[in-house]
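Asker:
In mature numbering (1 follows the signal peptide of the UniProt record, and there is no 0), the protein residues as written are -22 to -1, 1 to 274.
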């Protein structure tokens, strides 16, 4: 491993998958139409979910890009048999281009390091193809994007319920400190997630409580309800919630519930609602299941 000492980490092509319009907390009906527009832009952008074309998990060895025998390939360039190799060592992933390849990488050096702190923020690109590294529960994978994916052009928007103020609750926030919960994603992977607090609200005379997780310093709720049986995405939806006031009150506005990335692609690693966040009534508010589910 002597060659590693001579390689400097390189950072380029910002590709943060967590930079999301959905994180902007809009309260009340005034922000509803702008929010819907922002959501469309988020889904269809270069770093959106519609253009995902593959997700491949790395092992502690070499994975060759476009090599016969593995799935990490370029569909539009099958004749280029070896574009380079991903090598995972400890907490870093290295990409070493094949010096004999005819493809042009936009690399300022011959070797690229994806250090752990930059997973999700780095990408490399060849033509219409783009790769980035993700980490999930100690596993490291290569996320592949096809920047000319037909699903982007076919996408005609996200169906959504009309805004209904009845689904905007005045709730109570109970903060929690140094608390975490084990969250499972759609792939069955498990990892700990910080709990910021509990949100208490009343519906039809019954008190309910939701866990609020921490997502980039914001209150984030993963929940399911009875609409998942027909109109909304089966595993549940997500929602950002504004911070409480000095008395602990906050607005819990389900009109801004949005689809997880898995509603738009099979190459996402969406966390599913914890047991405490599975509501026993229907919430006909927020985003419905998109048509793209049948396209991708």
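Glycine is no exception: its CB is placed at the ideal position from the N, C-alpha and C atoms.
Would you kindly check if the distance between the Cβ of residue 189 and the Cβ of residue 258 is under 8 Å?
Answerer: Translated into positions along the chain shown, residue 258 becomes position 280. Translated into positions along the chain shown, residue 189 becomes position 211. Not a contact, by the Cβ cut-off of 8 Å.
Asker: Just to confirm the assignment: which complete beta strand (DSSP E) runs, minimum length 3, are found wholly within the region 179 to 245?
Answerer: DSSP runs (the beta strand (DSSP E)) wholly in the region 179 to 245: 184 to 193, 196 to 201, 215 to 219, 227 to 231.
Asker: Please report the distance separating the alpha-carbon of residue 200 from that of residue 77.
Answerer: Translated into the one-based positions of the chain shown, residue 200 becomes position 222. Translated into the one-based positions of the chain shown, residue 77 becomes position 99. Roughly 46 Å between the two C-alpha positions.
Asker: On the DSSP bridge list, what partners appear for residue 151?
Answerer: Position 173 of the chain shown holds residue 151. Residue 151 is bridged to 177.
Asker: Can residue 252 and residue 163 be called in contact, C-beta distance under 8 Å?
Answerer: The count along the chain shown starts at 1 and reaches residue 252 at position 274. The count along the chain shown starts at 1 and reaches residue 163 at position 185. In this structure, residue 163 does not lie closer than 8 Å to residue 252 by Cβ.
Asker: Could you check the C-alpha separation between residue -10 and residue 112 for me, to the nearest Å?
Answerer: As a working note, residue -10 is residue 13 in the chain shown. As a working note, residue 112 is residue 134 in the chain shown. Low per-residue confidence applies at residue -10: pLDDT is 33, beneath 50, and the placement is therefore not dependable enough to give any value.
Asker: If you count every other CB in all the chains shown that lies within 10 Å of the CB of residue 180, and 16 or more means buried, which is it?
Answerer: Translated into positions along the chain shown, residue 180 becomes position 202. So residue 180 ends up on the exposed side.
Asker: Just verifying my parser: in three-state terms, what is the DSSP assignment at residue 255?
Answerer: Sequence index remark: in the chain shown, residue 255 carries index 277 (1-based). Three-state DSSP puts residue 255 in a helix.
Asker: List the endpoints of the continuous alpha helix (DSSP H) containing residue 21.
Answerer: On the chain shown, position 43 is the one that residue 21 refers to. Residue 21 -> alpha helix (DSSP H) spans 10 to 22.
Asker: Considering only the alpha carbon of each residue, which of 147, 20, 37 lies closest to residue 187?
Answerer: Position 209 of the chain shown holds residue 187. Taking only the C-alpha atoms, the option nearest residue 187 is 147.
Asker: Checking the sheet assignment: what are the DSSP bridge partners for residue 112?
Answerer: As a first step, residue 112 must be located in the chain shown, where it is residue number 134. DSSP, once it has assigned bridges, lists 119 as partnering residue 112.
Asker: Going by the beta-carbon positions, is the gap between residue 191 and residue 150 smaller than 8 Å?
Answerer: Along the chain shown, read from residue 1 onward, the residue named residue 191 stands at position 213. Along the chain shown, read from residue 1 onward, the residue named residue 150 stands at position 172. No, Cβ-Cβ distance for residue 191 and residue 150 is not below 8 Å.
Asker: Check whether the region 160 to 175 and the region 112 to 127 are in contact - that is, three or more C-beta pairs closer than 8 Å.
Answerer: Contact between the region 160 to 175 and the region 112 to 127 is present, because at least three Cβ pairs lie under 8 Å.
Asker: Where does the unbroken beta strand (DSSP E) through residue 363 begin, and where does it stop?
Answerer: The structure shown does not extend to residue 363, since the chain is modelled only from -22 to 274, so the question has no answer here.
Asker: Once the 5 residues before and after residue 227 are set aside, which same chain residues still bring their CB inside 8 Å of it?
Answerer: One-based indexing of the chain shown puts residue 227 at position 249. Closer than 8 Å at Cβ, skipping near neighbours: 148, 149, 150, 151.
Asker: Does the pairing of the region 27 to 34 with the region 238 to 245 give three or more beta-carbon distances under 8 Å?
Answerer: Enough Cβ pairs lie closer than 8 Å, so yes.
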